[in-house]
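Peer 1:
Numbering (this note's numbering), first residue to last: 4 to 214.
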């Protein structure tokens with residue numbers, strides 16, 4: 004019941020911003036959505052992700068939204084709302100919601116199956132690494148198979164077991180996957196953010212020179 008209630012609350016508050024014409028009201032409903040999602044993560048045992056939602060989304064992004072909205076002149080806001088119209092907003096919201104629902108419907112069952120397979124395969128901490136190279140090898144994700152083939156550290160599976168709730172913290176589990184299996188993607192994202200930051204600085208300097 005707790006999980007179902009936690010799912011229902013963010014779902015309701017996520018739909019509400021698409022049906023209101025007041026920007027401030029939309030942001031407040033968005034804050035409630037992030038708070039509900041954070042509570043759901045905490046109930047599911049993902050305290051780290053729940054705190055990240057509160058700190059990053061509620062404490063930073065939504066506050067920036069509020070500052071920007073408060074800086075918009077009222078007359079300009081009214082004209083933009085009249086020019087945009089009310090018909091397109093619900094249609095766009097329904098379209099995006101349908102795409103997200105389709106992605107979740109295709110991803111969630113697959114993730115549950117993979118997690119169940121990994122739980123069965125890696126349930127024994129003292130299991131020999133060579134035993135995983137046999138028929139069960141195909142059930143392990145690509146990142147884990149690469150570590151087995153290249154010779155992973157002896158305590159790698161002990162760290163990975165934290166993902167299945169066998170010990171450790173969420174931070175250790177996320178760090179293990181992020182910095183071992185997907186370190187190249189993490190480095191690529193950092194370069195993309197660096198380019199975006201440099202681009203914003205260059206555009207800001209150009210606009211200040213023109214003024």
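All residues carry an ideal CB built from backbone N, CA and C; glycine is no exception. Since the structure is predicted, the reported quantities are computational estimates derived from the model, not experimental observations.
Can you have a look at residue 16 and say buried or exposed, based on whether 16 or more other CB atoms are within 10 angstroms of its CB?
Peer 2: Its Cβ being crowded by 16 or more others within 10 Å, residue 16 is buried.
Peer 1: Do the CB positions of residue 52 and residue 173 come within less than 8 Å of each other?
Peer 2: In contact: residue 52 and residue 173 (Cβ atoms closer than 8 Å).
Peer 1: Consult DSSP for residue 49 and reduce its assignment to one of helix, strand or coil.
Peer 2: Three-state DSSP puts residue 49 in coil, outside helix and strand.
Peer 1: Would you tell me roughly how many angstroms separate the C-alpha atoms of residue 46 and residue 70, rounded to the nearest one?
Peer 2: Taking the straight line from one Cα to the other gives about 31 Å.
Peer 1: When you compare only the Cα positions, how much space is there between residue 18 and residue 68?
Peer 2: Cα-Cα distance, rounded: 18 Å.
Peer 1: Based on Cα-Cα distance, which residue from 187, 206, 96 lies nearest to residue 231?
Peer 2: Because the chain in this structure spans residues 4 to 214, residue 231 falls outside the shown range and cannot be described.
Peer 1: Would you mind reading off the limits of the alpha helix (DSSP H) that contains residue 176?
Peer 2: Residue 176 -> alpha helix (DSSP H) spans 173 to 179.
Peer 1: Distance, Cα to Cα, residue 207 vs residue 193?
Peer 2: The alpha-carbon atoms of residue 207 and residue 193 are separated by roughly 21 Å.
Peer 1: Find out if the Cβ-Cβ distance for the pair residue 43, residue 13 is shorter than 8 Å.
Peer 2: Contact: yes.
Peer 1: Looking at the structure shown, is residue 22 part of a helix, part of a strand, or coil, going by DSSP?
Peer 2: It is helical.
Peer 1: Can you check which of these residues, 191, 75, 73, 38, is closest to residue 62 by C-alpha distance?
Peer 2: Cα-wise, what sits closest to residue 62 is 38.
Peer 1: Who are the near neighbours of residue 34 in its chain, counting only those whose CB is closer than 8 Å to its CB and skipping five residues on each side?
Peer 2: Cβ within range, chain order: 61, 65.
Peer 1: Among 73, 48, 49, whose alpha-carbon lies nearest the alpha-carbon of residue 30?
Peer 2: Closest by alpha carbon: 73.
Peer 1: Taking the alpha-carbon of residue 36 as reference, which of 178, 48, 56 has the nearest alpha-carbon?
Peer 2: Nearest option by C-alpha distance: 56.
Peer 1: Are the beta-carbon atoms of residue 189 and residue 196 separated by less than 8 Å?
Peer 2: No, Cβ-Cβ distance for residue 189 and residue 196 is not below 8 Å.
Peer 1: Between which two residues does the alpha helix (DSSP H) holding residue 72 run?
Peer 2: Its alpha helix (DSSP H) spans residues 65 to 74.
Peer 1: What is the rounded straight-line gap between the Cα of residue 58 and the Cα of residue 41?
Peer 2: Distance between the alpha carbons of residue 58 and residue 41 is about 10 Å.
Peer 1: Only counting the same chain, and skipping five residues up and downstream in sequence, which positions put a Cβ closer than 6 Å to that of residue 26?
Peer 2: The answer, listed in chain order, is 72.
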